[in-house]
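Going down the list, the sequences are from chains A, B, C and D.
Quick note, the numbering used here runs 21 ahead of the 1-based positions in the first sequence.
Quick note, the numbering used here runs 21 ahead of the 1-based positions in the second sequence.
Quick note, the numbering used here runs 165 ahead of the 1-based positions in the third sequence.
Quick note, the numbering used here runs 165 ahead of the 1-based positions in the fourth sequence.
Ideal Cβ placement from N, Cα and C applies to all residues, glycine included.
Working notes, structure below.
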Amino acid sequence: MAQLPTDGSIAVRIEYFAVLREHVGRAQEELRTTATTVGELYGELDRRYAFPALGRVKVAVNDEFRDWSSPVRDGDFVVFIPPVAGG
Amino acid sequence: MAQLPTDGSIAVRIEYFAVLREHVGRAQEELRTTATTVGELYGELDRRYAFPALGRVKVAVNDEFRDWSSPVRDGDFVVFIPPVAGG
Amino acid sequence: MSHFEFSREPFTPERYRSRVSDPVAGGYASFEGWVRNHNEGRGVQRLEYEGYEALGIKEGDRIVAEAFARFPIAQAHCVHRLGVLGIGDLAVWVGVTAAHREAAFAACRYIIDEVKNRVPIWKKEHYAEGDSGWINCEVRTSGAPAGSALP
Amino acid sequence: MSHFEFSREPFTPERYRSRVSDPVAGGYASFEGWVRNHNEGRGVQRLEYEGYEALGIKEGDRIVAEAFARFPIAQAHCVHRLGVLGIGDLAVWVGVTAAHREAAFAACRYIIDEVKNRVPIWKKEHYAEGDSGWINCEVRTSGAPAGSALP
Chain A
22 MAQLPTDGSI AVRIEYFAVL REHVGRAQEE LRTTATTVGE LYGELDRRYA FPALGRVKVA
82 VNDEFRDWSS PVRDGDFVVF IPPVAGG
Chain B
22 MAQLPTDGSI AVRIEYFAVL REHVGRAQEE LRTTATTVGE LYGELDRRYA FPALGRVKVA
82 VNDEFRDWSS PVRDGDFVVF IPPVAGG
Chain C
166 MSHFEFSREP FTPERYRSRV SDPVAGGYAS FEGWVRNHNE GRGVQRLEYE GYEALGIKEG
226 DRIVAEAFAR FPIAQAHCVH RLGVLGIGDL AVWVGVTAAH REAAFAACRY IIDEVKNRVP
286 IWKKEHYAEG DSGWINCEVR TSGAPAGSAL P
Chain D
166 MSHFEFSREP FTPERYRSRV SDPVAGGYAS FEGWVRNHNE GRGVQRLEYE GYEALGIKEG
226 DRIVAEAFAR FPIAQAHCVH RLGVLGIGDL AVWVGVTAAH REAAFAACRY IIDEVKNRVP
286 IWKKEHYAEG DSGWINCEVR TSGAPAGSAL P
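Shown next as C-alpha cells:
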C-alpha cells in the first residue's frame, strides 16, 4: 500500500475462513480492486475463484457485520462469512 | 403391638416432618386409633395437637402417596406432608 | 438405580457427571439451585432442608422417569441436598443429556419444576433478624418452642 | 470484560464458575455442547472448530448483553472451544445465574441459540469413512485439495 494508485483502485485485505479458506487455498490476501461495495468485491472474487454454493453468506468490514451494499474503502479489512455452525 | 386390641382399634406409626415435627415436638409416635381412613386419622391428631393452618397437606401410607379417603390398617406407617419447598 | 438421590453432605455436580455422560449426547443442560442471601425481601443467613427420604427418592425417580417418557433424552439425574446450608451452597442439581439441546433443556426444566412441587422436602429459612420460617407453611417462629399455634 | 470468549485449549466449566457466581443468585442454568459420535446418521470421529475471533467475541458479547436486557439475570458467560476436538469433548459452555430459575433457563437458551446462529464459528466434521465436511456449507471433500467446486 506504499504506492499511490493511479487507476482509482483501492487496496483491501481479505481473510478467508473455513470452507472459503480451503477453497481459495490461503487464509488471507491483499489485493487492489475497483469495487465500490462489498457486494461488488465478492462478485469480483467469485469470478476469480468460483466460490462453491454456500447458502447465505454474510460480510464483515473491519470486524463488524455490514450490508452487501456497504462501501469498501482503501485499507479495509473484509471477511466473507459462510453459514456458521457453532455449538 | 404385642397385645391384641379388643376395641376394634388398630396400631399405626406416624412420622412428623418439618413444621409438624416442631409443632408436635417429636419426630414419630406409635398410637392406637379407631380411624378407618387417613383423613379420619388426621382429624383425630388435629384435635389432639391443634395443627397450624398449612394449606394443602398430603398424606403417605407406607411410603406412597394416598388419597385422604384411603383406608388405614393395623401396622401402617403414616406421614402427613405439609406443603413442600424443595430446590 | 434411582435417578434421584439425597445428599446429607455438600457435593459438587462434577461428582455425578458420569451419571449423565453419554457418547450419543451432544447437549448437556443443567440446573443448580443455590442458597441466596434473600427471599421475599428478607435477608437470609442460612437454611435447613429436611426430607422424607424413602418417599422422596421414589417420587424423584418417578419424575425423572416421566422426563424420559416425555422427551428424547439420553441420561438424567437429580441430587438434592439435606441439612444446614449457608449462602451460596448448592441445594439441588439436575443434569440432563440428549442428542439435541431442545430436549435437554425441556427435560431439565421439567425435572426441577416437578421436584420442587412434588418431592417431600421442606425448607426452613433463618433470617438476619434471628427468626425463622418453614417456606410455604406460613408458620413463623421466633425461636420459642412450638406449640402455641392456633387450631 | 467480554461475556464471551474463545478457548483454543480444552477447558472445564468449573474454570469459569466464578464469572457467574453471585450471592443474589438462587438459580444457575447451564448448557454444554459436547462432540457426539454421530450427526445426521453418519459416524463422527472428530471435528474442528474455526472462528473469526475478533468479530466472534464482539458478536458473542452482544448476544449476552441482549440476554441481560431481556431477562432478569444476575450473571452470564459463554466460552466456545476452537481447534480439533474428539468425541465427548466440550465444545461450548453457557452459564447463567439469576434470582429465579425461569430467567436463568430462558437466558441460557437464548444465548446458546443465538451463538449457534450468529457467531462466526465453523465446524468441520471428520467421518468414520475418512471424508469430511463443513457443516451448513454443503461442501464435502474426500481429502483431496479443494478447488474443483462448481461456480
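The count of Cβ pairs closer than 8 Å, one atom from the segment 258–272 of chain C and one from the segment 192–208 of chain C, reaches three, so the stretches are in contact.
H245 (chain C) is a Cβ neighbour of G108 (chain B), given a cutoff of 9 Å. Here the segment 94–101 of chain B does not lie against the segment 172–183 of chain C, with fewer than 3 beta-carbon pairs under 8 Å apart.
For A219 (chain C), the C-beta contacts it makes with chain B under 7 Å involve D84, in order along the chain. The segment 283–293 of chain C makes no contact with the segment 234–242 of chain C, as fewer than three CB pairs between them are under 8 Å. Looking only at B:L52, B:R42, B:E36 and B:A39, the smallest Cα-Cα distance to S30 (chain B) is reached by B:L52.
G64 (chain B) counts as exposed, since fewer than 16 other C-beta atoms from the protein chains shown sit within 10 angstroms of its C-beta. The alpha helix (DSSP H) runs of length 4 or more contained entirely in the segment 26–98 of chain B are, from start to end of the chain, 39–45 and 59–70.
In the structure shown, A269 (chain C) falls within a helical segment according to DSSP collapsed to helix, strand and coil. Collapsing the DSSP output to three states places N202 (chain D) in coil.
Contact of N202 (chain C) with chain D is assigned, a C-beta pair being separated by under 9 Å.
For the pair R211 (chain D) and V249 (chain D), the CB atoms are nearer than the 9 Å cut-off. Within the segment 214–278 of chain C, complete beta strand (DSSP E) segments of at least 3 residues are found at 240–246, 248–251 and 255–263, given in chain order.
Close partners of G191 (chain C) in chain D (Cβ separation under 7 Å): G198, W199 and R201. Under a criterion of Cβ atoms nearer than 8 Å, the residues of chain D adjacent to G253 (chain C) are, in order, S186 and P188. From the beta-carbon of I277 (chain C), the residues of chain D found nearer than 8 Å are R266.
In the three-state reduction of the DSSP assignment, E170 (chain C) falls in the strand class. When only Cα atoms are considered, I228 (chain C) and Y37 (chain B) end up about 24 Å apart. Contact between V189 (chain C) and V105 (chain B) is absent: CB atoms are separated by about 34 Å, not below the 8 Å threshold. S297 (chain C): member of the beta strand (DSSP E) spanning S297 to W299, first to last residue. For I35 (chain B), not one C-beta of chain C is nearer than 9 Å to its own C-beta. Taking 9 Å as the cut-off, the beta carbon of A232 (chain D) is found no closer than this to the beta carbon of Y193 (chain D).
Selection A:V78, A:L62, A:S90 and A:F86 evaluated against G221 (chain D) yields A:F86 as nearest (Cα-Cα). Note that the C-beta distance between E303 (chain D) and A74 (chain A) is below 9 Å. Membership of E290 (chain D) in the beta strand (DSSP E) is indicated by the continuous run I286 to Y292. If you ignore the 5 residues before and after S91 (chain B), its C-beta comes within less than 7 Å of the C-beta of T58, V59 and V82, all in its own chain and listed in chain order.
Under the 9 Å criterion on CB atoms, C302 (chain C) is classed as non-interfacial with respect to chain D.
In the assembly as shown, Q49 (chain A) is an exposed residue. Its beta-carbon has fewer than 16 other beta-carbons within 10 Å. Separation of the CB atoms of V185 (chain C) and Q240 (chain C) is rounded to 4 Å, and the pair is thereby assigned contact status at 8 Å.
Beta bridge pairing from DSSP links A194 (chain C) with C:V261 and D:F196.
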